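Report on the structure given below.
Residue numbers (full-length UniProt numbering): 1 to 199.
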């Protein structure tokens, strides 16, 4: 653009070799993320469910939440017991005031339960697995679309789900989802579970 594209503007010549390559620009530290299974119970029985690929009962129990930048609450279906989510969030906040906390759920009805939990979260990811989920989601979506709630809203939509006539302007959308065999964890995440005694 200005003829500077090939010019290196940082003089690394006086640095030790092990530091030269990492000095392009200050890199954001790698986020430490915990995917925390609150409990394994679920109201669905999806054929390709990732939880069938994991030995959930023998996952390590996490008790130290202070070490994470992001904590992703999942299940089973956490919204089967909304109060357990709130108790878990309070426990996390006691140990870590700065971690971002997100909830993964497919259960959006009744919407006021999810709205109550949302007050304690930095955001949610809702997954629409089947067409019936859209009808239940519509109620929740109408409430947040007409509100001034500013959270992170992410929507995963499985392949074949029709979402026409929905205002999804508040959502970051991932369309045409399919089940992935053996469900690898995203890079930088660890999968652990909450102690059942704490639920």
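Note that beta-carbon positions come from the ideal geometry of N, C-alpha and C, so glycine has one too. It should be emphasised that the depicted structure is a prediction, and the values quoted were computed from it without experimental measurement.
Coil, strand or helix - residue i by DSSP
{"i": "residue 152", "result": "strand"}
{"i": "residue 176", "result": "strand"}
{"i": "residue 135", "result": "helix"}
{"i": "residue 65", "result": "coil"}
{"i": "residue 130", "result": "coil"}
{"i": "residue 117", "result": "helix"}
{"i": "residue 56", "result": "helix"}
{"i": "residue 166", "result": "coil"}
Bridge partners - residue i, DSSP secondary structure assignment
{"i": "residue 123", "result": "102, 152"}
{"i": "residue 74", "result": "37"}
{"i": "residue 198", "result": "Per DSSP, none; premise fails for residue 198."}
{"i": "residue 157", "result": "128"}
{"i": "residue 190", "result": "34"}
Residue i, buried or exposed, once every other Cβ within 10 Å from all chains shown has been counted against 16
{"i": "residue 130", "result": "exposed"}
{"i": "residue 157", "result": "buried"}
{"i": "residue 71", "result": "buried"}
{"i": "residue 98", "result": "exposed"}
{"i": "residue 162", "result": "exposed"}
Between the CA atoms of residue j and residue i - distance to the nearest angstrom
{"i": "residue 201", "j": "residue 111", "result": "Residue coverage of the chain in this structure runs from 1 to 199, which leaves residue 201 outside it and unanswerable."}
{"i": "residue 79", "j": "residue 68", "result": "23 Å"}
{"i": "residue 165", "j": "residue 83", "result": "32 Å"}
{"i": "residue 167", "j": "residue 185", "result": "31 Å"}
{"i": "residue 62", "j": "residue 124", "result": "21 Å"}
{"i": "residue 151", "j": "residue 108", "result": "16 Å"}
{"i": "residue 180", "j": "residue 87", "result": "31 Å"}
{"i": "residue 33", "j": "residue 95", "result": "15 Å"}
{"i": "residue 43", "j": "residue 115", "result": "19 Å"}
{"i": "residue 56", "j": "residue 105", "result": "18 Å"}
beta-carbon residue i near the ligand ADP non-hydrogen atom, thresh 8 Å
{"i": "residue 189", "result": "No copy of the ligand ADP appears in this structure; indeed no ligand is present at all."}
The segment 131-145 touching the segment 172-181, judged by at least three CB pairs closer than 8 Å: Of all C-beta pairs linking the segment 131-145 to the segment 172-181, fewer than three are shorter than 8 Å, placing the two stretches out of contact.
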